[in-house]
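A.B. asks: Following this message is one structure expressed as structure tokens.
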Amino acid sequence: MCGIVGLLVKNQKMRANIGELMLPMLIGMTERGPDSAGLAMFSAPVADDARKLSLYSGEEDFNWVKLGHEFEKHLGTKAQIEPKANHAVLTTTLEPATVKVWLLENYPKLHLLSVGQLMDIYKDVGTPAEVAARYDFKNFSGTHLVGHTRMATESAITPAHAHPFTAGEDWCLVHNGSLSNASSIRRKLQHEGIAFETDNDTEAACRFLQWRMREGDDLETALNHGFDELDGFYTLLMGTRDQLALVRDPFACKPAIIAEHDDYVAIASEFRSLAHLPDIKNAKVFEPSPKEMYVWKL
Amino acid sequence: METLTFDLDKKPLREINQFLHGDASTLNGKSIVIENPNGAHNIAVGLKADVEVTIKGHAGYYAAGMNQLAKVVVEGSVGSGVAENMMSGHVHVKGFASNAAGATANGGLLVIDGDAGLRCAIALKGADIVVGGSVGSFSAFMAQAGNLVILGDAGEGLGDSIYEARLFVRGKVKSLGADCEEKVMGPEERKILVDLLSRSGHGDVDPDSFKLYGSARTLYHFHVDNAGAY
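Chains as they are written, first to last, in this note's numbering: chain A, 1 to 298; chain B, 1 to 230.
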């Protein structure tokens, strides 16, 4: 069991408070996922030639400022570093590939959670309330987000196994369910030269869809390939630069509920997580059909 | 009728349910209102008194599960397993219902005004279910007894491996499951349908617009030609 939440805010004014709106959604899914939690937050993009890198360190008191100084000294370029506990967002105009090599050589224990222009990823073990407090989710602003609460059933409880997963820039995925053919998908993709960070089934789905899109599929075609290839139970929620997308497996084994309002679109595993949203009584609340794709654009 | 109001924002669900599980003589004839359900699970489960419960909003999983005698009205939608294993009484959902609505229900009447999700009336054992909208795939799977009335459409595999339940469908059936076939609606079945339509607030709906589906009875009677398959 796991919980998923998604929120896309259409009302410009409400975007400043997206974190506050989301927090009860995430905490509402604690019973479905008490062991880890994560959030992908999409906000205003950095400059065209810049990239944001979400970094995770296992250490509470990691010296992010020192990392920033070393980065600038070694690579001879400016870097902006915004630490939040064991997490930091590094913004730079250097090629992400160059940064990855530098990180691997100098900070091999650091984990690179995401690369993008709009998206930051935060994830860690702990209850949703603990993880939210650690990174101050409540004060986040932005346009849309994807969140997850995890109850591990098929692989270990570690920060790296927590959701969201990402493969490629400004694209992420969370999953409620379990895949029975994750290992064969992983082997197939490894033959395509795609590297994996964990043995998690969701990572296999994430890299599969990203691989399809790399091969030229649009999101819809990639998901149709997903319906053919992914065997198991899933509700998948994806975030891109300007949209949220949701699918459920053909047997609708895992739940989802949607609230469409003039001001926002909210998605959760259960209504419990939507009940507090402003003016929810006037939202169109419905259950998505199995094997159908739902997409909401900003 | 005496009315008691509980606010789920202020009182834990367990206390409300325990109150509802009290001595039937103190509950019979009472009307209970539950405010701010906000999708909580297990609201009004296991009732066994002739009491009326109104849930003012959306309920979560297993709302009014295992119901006996009580009348439960949900003024919103419900999650999975509404009125699961109901024995008697009346459950009315004014919105939609998620998966497995009325699963294994033995008796009573479940009315869903909106759509029901997948596996509605799975393993139905004698209850009556009326769905104002459509039902998802694999509904009435292995249904043994009782009636399922669907005013809208049915998804894939309707009535797969069905025993003796009756399925009345007004709209389209995407596909029938194994051993489920269309039947001729005789006067007896028509009477059952008319009665259920009237009791579920659909008295104006033409019973002749429905088709009846039931068991072809090839799977559960021993047939020597099938001996190899058993």
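Positions of the beta carbon are idealized from the N, C-alpha and C atoms, including for glycine.
Confirm, please, whether the CB-CB distance from Thr104 (chain B) to Ala123 (chain B) is below 8 angstroms.
C.D. replies: Numbered from its first residue, the second sequence carries residue 123 (chain B) at position 123. Numbered from its first residue, the second sequence carries residue 104 (chain B) at position 104. In contact: Ala123 (chain B) and Thr104 (chain B) (Cβ atoms closer than 8 angstroms).
A.B. asks: Flag this pair as yes or no: are the beta carbons of Leu69 (chain B) and Ile32 (chain B) separated by less than 8 angstroms?
C.D. replies: The residue labelled residue 69 (chain B) in the question sits at position 69 within the second sequence. The residue labelled residue 32 (chain B) in the question sits at position 32 within the second sequence. Not closer than 8 angstroms, so no.
A.B. asks: For Leu212 (chain B), list the residues DSSP reports as bridge partners.
C.D. replies: Within the second sequence, the letter at position 212 stands for residue 212 (chain B). Answer is B:Phe168 and B:Lys183.
A.B. asks: Given a cut-off of 8 angstroms on the beta-carbon distance, is the pair Lys52 (chain A) and Thr91 (chain A) in contact?
C.D. replies: Indexing the first sequence from 1 puts residue 52 (chain A) at position 52. Indexing the first sequence from 1 puts residue 91 (chain A) at position 91. Closer than 8 angstroms, so yes.
A.B. asks: Using the Cβ count rule (16 or more neighbours within 10 Å means buried), how would you classify Leu255 (chain B)?
C.D. replies: Here chain B has residues from 1 to 230 only, and residue 255 (chain B) is not among them.
A.B. asks: For Asp217 (chain A), which beta-bridge partners are listed by DSSP?
C.D. replies: Within the first sequence, residue 217 (chain A) is the residue found at index 217, counting from 1. DSSP output for Asp217 (chain A) lists no bridge partner at all.
A.B. asks: Kindly indicate which three-state DSSP category Tyr135 (chain A) falls into: helix, strand or coil?
C.D. replies: As a first step, residue 135 (chain A) must be located in the first sequence, where it is residue number 135. The answer is helix: DSSP assigns Tyr135 (chain A) an H, G or I state.
A.B. asks: In the DSSP assignment, find the alpha helix (DSSP H) that holds Arg187 (chain A) and state where it starts and stops.
C.D. replies: Sequence index remark: in the first sequence, residue 187 (chain A) carries index 187 (1-based). Element bounds for Arg187 (chain A): Ala182 to His191.
A.B. asks: Output the distance between the C-alpha atoms of Gly107 (chain B) and His21 (chain B), rounded to the nearest integer angstrom.
C.D. replies: Translated into the one-based positions of the second sequence, residue 107 (chain B) becomes position 107. Translated into the one-based positions of the second sequence, residue 21 (chain B) becomes position 21. Those two C-alpha atoms are separated by around 19 angstroms.
A.B. asks: Helix, strand or coil, according to DSSP, for Glu229 (chain A) in the structure here?
C.D. replies: Translated into the one-based positions of the first sequence, residue 229 (chain A) becomes position 229. In this structure, Glu229 (chain A) counts as helix in the three-state DSSP scheme.
A.B. asks: Taking contact to mean 3 or more Cβ pairs, one atom from each stretch, closer than 8 angstroms, check whether the segment 191 to 208 of chain A and the segment 30 to 41 of chain A are in contact.
C.D. replies: They do not touch, by the three-pair rule.
A.B. asks: Would you mind sorting Leu109 (chain B) into buried or exposed? The rule is 16 or more other CB atoms within 10 Å of its CB.
C.D. replies: The residue given as residue 109 (chain B) occupies position 109 in the second sequence. Answer is buried; the Cβ neighbour count reaches 16.
A.B. asks: Taking 8 angstroms as the threshold, find out whether the segment 111 to 126 of chain A comes into contact with the segment 59 to 69 of chain A through three or more Cβ pairs.
C.D. replies: These segments do not touch.
A.B. asks: Indicate the three-state DSSP secondary structure (helix, strand or coil) for Lys13 (chain A) in the structure shown.
C.D. replies: Mapped onto the first sequence, residue 13 (chain A) falls at position 13. Lys13 (chain A): helix per DSSP, three-state reduction.
A.B. asks: Closest Cβ-Cβ distance between Asn99 (chain B) and chain A: below 8 angstroms?
C.D. replies: As a working note, residue 99 (chain B) is residue 99 in the second sequence. Yes - at least one Cβ of chain A is within 8 angstroms of the one on Asn99 (chain B).
A.B. asks: Taking its Cβ as the centre, do 16 or more other Cβ atoms sit within 10 Å of Lys123 (chain A), making it buried, or is it exposed?
C.D. replies: Here the question's residue 123 (chain A) lines up with position 123 in the first sequence. Lys123 (chain A) comes out buried.
A.B. asks: According to DSSP, is Ser273 (chain A) helix, strand or coil?
C.D. replies: Counting from 1 along the first sequence, the entry for residue 273 (chain A) is found at position 273. In this structure, Ser273 (chain A) counts as helix in the three-state DSSP scheme.
A.B. asks: Kindly indicate which three-state DSSP category Thr5 (chain B) falls into: helix, strand or coil?
C.D. replies: Stepping through the second sequence from its first residue, residue 5 (chain B) is reached at position 5. Three-state DSSP puts Thr5 (chain B) in a strand.
A.B. asks: For Glu287 (chain A), is the classification buried or exposed, using 16 other Cβ atoms within 10 angstroms of its Cβ as the cut-off for buried?
C.D. replies: Within the first sequence, the letter at position 287 stands for residue 287 (chain A). Buried: at least 16 other Cβ atoms inside 10 Å.
A.B. asks: Tell me, please, whether the CB atom of Arg302 (chain A) is closer than 8 angstroms to any CB atom in chain B?
C.D. replies: The structure shown has nothing for residue 302 (chain A), since chain A only spans 1 to 298.
A.B. asks: Alpha carbon to alpha carbon, how far is Arg166 (chain B) from Ala100 (chain B)? Give it in angstroms, no decimals.
C.D. replies: As a first step, residue 100 (chain B) must be located in the second sequence, where it is residue number 100. As a first step, residue 166 (chain B) must be located in the second sequence, where it is residue number 166. For Ala100 (chain B) and Arg166 (chain B), the distance between alpha carbons rounds to 17 angstroms.
A.B. asks: Could one say the Cβ of Leu13 (chain B) lies closer than 8 angstroms to chain A's Cβ atoms, at least one of them?
C.D. replies: Within the second sequence, the letter at position 13 stands for residue 13 (chain B). It does not; no Cβ of chain A falls within 8 angstroms.
A.B. asks: How about Leu237 (chain A) and Gly6 (chain A): are their beta carbons less than 8 angstroms apart?
C.D. replies: Numbered from 1 along the first sequence, position 237 holds the residue referred to as residue 237 (chain A). Numbered from 1 along the first sequence, position 6 holds the residue referred to as residue 6 (chain A). Yes, the pair counts as a contact, with Cβ atoms nearer than the cut-off.
A.B. asks: At which residues does the beta strand (DSSP E) containing Leu244 (chain A) begin and terminate?
C.D. replies: Residue mapping note: residue 244 (chain A) aligns to position 244 of the first sequence, counting from 1. From DSSP, the beta strand (DSSP E) with Leu244 (chain A) extends over Gln243 to Arg248.
A.B. asks: Out of B:Lys125, B:Ile150, B:Met87 and B:Ala44, which one is the CA nearest neighbour of Val169 (chain B)?
C.D. replies: In the second sequence, counting from the first residue as 1, residue 169 (chain B) sits at position 169. Taking only the C-alpha atoms, the option nearest Val169 (chain B) is B:Ile150.
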